[in-house]
């Protein structure tokens, strides 16, 4: 997300006024460098992050029970946690915030990785069954 100002600003600062959004876009090169520095975003750490994502997807596939849940035969905190961790990439429709990353090409490789282990549809299913659309969002539209 970091290389794309529209994607990052849209995801993390959706409520900026027009003047502030314009200022953020002008200042984005500085913002980007600051984020990269503060979060230690560099090639070795990116490679480690991809490995951790692969491992998480493998662990998900190994832990998923025939019931469709991660622990036992009903929704648990494990399902809630994994669905919440994957949700920024999956961007289920029940997620009550702006989703500029939904289907964004920059996240395609990560979505494929998640999908290859069955987690993409699983997250959508968990959100459909266990998180109805936010009434706050429905009322404001």
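Numbering (our numbering), first residue to last: 141 to 281.
Glycine included, C-beta positions come from ideal geometry on N, C-alpha and C.
Assigned secondary structure, residue i (DSSP; H/G/I helix, E/B strand, else coil)
i, result
"residue 150", "helix"
"residue 219", "helix"
"residue 141", "coil"
"residue 211", "coil"
"residue 254", "helix"
"residue 204", "coil"
"residue 157", "coil"
"residue 199", "helix"
"residue 280", "In this predicted model, residue 280 has a pLDDT of only 47, less than 50, meaning its place in the structure is not dependable; the value taken from the coordinates is given anyway. Reduced to three states, the DSSP call for residue 280 is helix."
"residue 176", "helix"
"residue 231", "coil"
"residue 242", "coil"
"residue 184", "helix"
Opening and closing residue of the alpha helix (DSSP H) in which residue i lies
i, result
"residue 269", "259-270"
"residue 167", "Taken as a continuous stretch (DSSP letters only), residue 167 belongs to no alpha helix (DSSP H), as it is neither H nor E."
Residue i beta carbon near the ligand FAD (any heavy atom closer than 6 Å)
i, result
"residue 156", "Only the bare structure without any ligand can be found here, which leaves the ligand FAD out of the picture."
(request) Could you tell me whether the segment 237-245 touches the segment 156-163, where touching means 3 or more Cβ pairs closer than 8 Å? (result) no
(message) Would you call the segment 165-182 in contact with the segment 201-208, where contact means no fewer than 3 C-beta pairs closer than 8 Å?
(response) no
(request) Say whether the segment 206-221 touches the segment 259-275, bearing in mind that this needs 3 or more beta-carbon pairs closer than 8 Å, one atom from each stretch. (result) yes
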